[in-house]
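The numbers in the sequence shown follow UniProt numbering, run straight up by one, and end at 134. For each residue, glycine too, the CB sits at the ideal point set by N, CA and C.
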Amino acid sequence: YGSVAGLISIEDILEEIVGEIADEYDEAEQAPIEPLGDASYRVQARLSLGELIELYDEAHGRQLVFDDEVTDEVDTVSGLLAYELGRVPLPGSYVEYAGLKFTAEGSRDRRGRMRVRTVVVEPTAEFYSEEEDT
């Protein structure tokens, strides 16, 4: 009776509908693609698969091949993780796909929920064996 159980703002409601909204209170964004060496990268979870394909094509002369079913269903790197895992990825989750290992990284948002913010993409042995075959 008359006590406050919780407060939500218009921003909270909008973020639930459309996703995170950048404002002056948010931490500074990092670069969408951070080279880690040896064909490995830390990328923003929302990086498009097209940009990832372009990155490996330009930087390594490798054309990544994704199944048509995957490209019809998935647009982003985090979407690929979710699709392959069959669930929402949590930090530490990983999948191997197209000769690459995708590992989710994240942190808690200001509401205390775990969010996948970046994904480490690193080559697997399959990546290098395909390179030798060409």
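Distance between LEU14 and TYR128 (C-alpha atoms, nearest Å): Approximately 44 Å, taken between the alpha carbons.
Bridge partner(s) assigned by DSSP for GLN44: Checking the DSSP bridge columns, you'll see GLN44 partnered with THR118.
Cross-strand partners of ARG108 (DSSP beta bridge): Its beta-bridge partners are MET114.
For the segment 71 to 105, list the alpha helix (DSSP H) runs that are entirely contained and at least 4 residues long, ordered along the chain. Listed in chain order, they are 77 to 85.
Between ASP38, LEU81 and ILE21, which has its C-alpha nearest GLU96's C-alpha? Closest option to GLU96, Cα to Cα, is LEU81.
For VAL18, count neighbouring Cβ atoms within 10 angstroms of its own Cβ and tell me buried if that reaches 16, exposed if not. So VAL18 ends up on the exposed side.
Nearest to THR103 by alpha carbon, out of GLY61, GLY112 and PRO89? The candidate whose alpha carbon is nearest that of THR103 is PRO89.
Do VAL65 and LEU52 count as a contact pair if the criterion is CB distance below 8 Å? With respect to the 8 Å criterion, LEU52 and VAL65 are not classified as neighbours on the basis of their beta carbons.
Near PRO35, which residues of its chain fall below 7 Å by C-beta distance, leaving aside the five closest residues on each side in sequence? Residues TYR41 of the same chain have their beta carbon placed closer than 7 Å to that of PRO35, with the five preceding and five following residues left out of the count.
Helix, strand or coil for GLU20, going by three-state DSSP, please let me know. The answer is coil: DSSP assigns GLU20 none of H, G, I, E or B.
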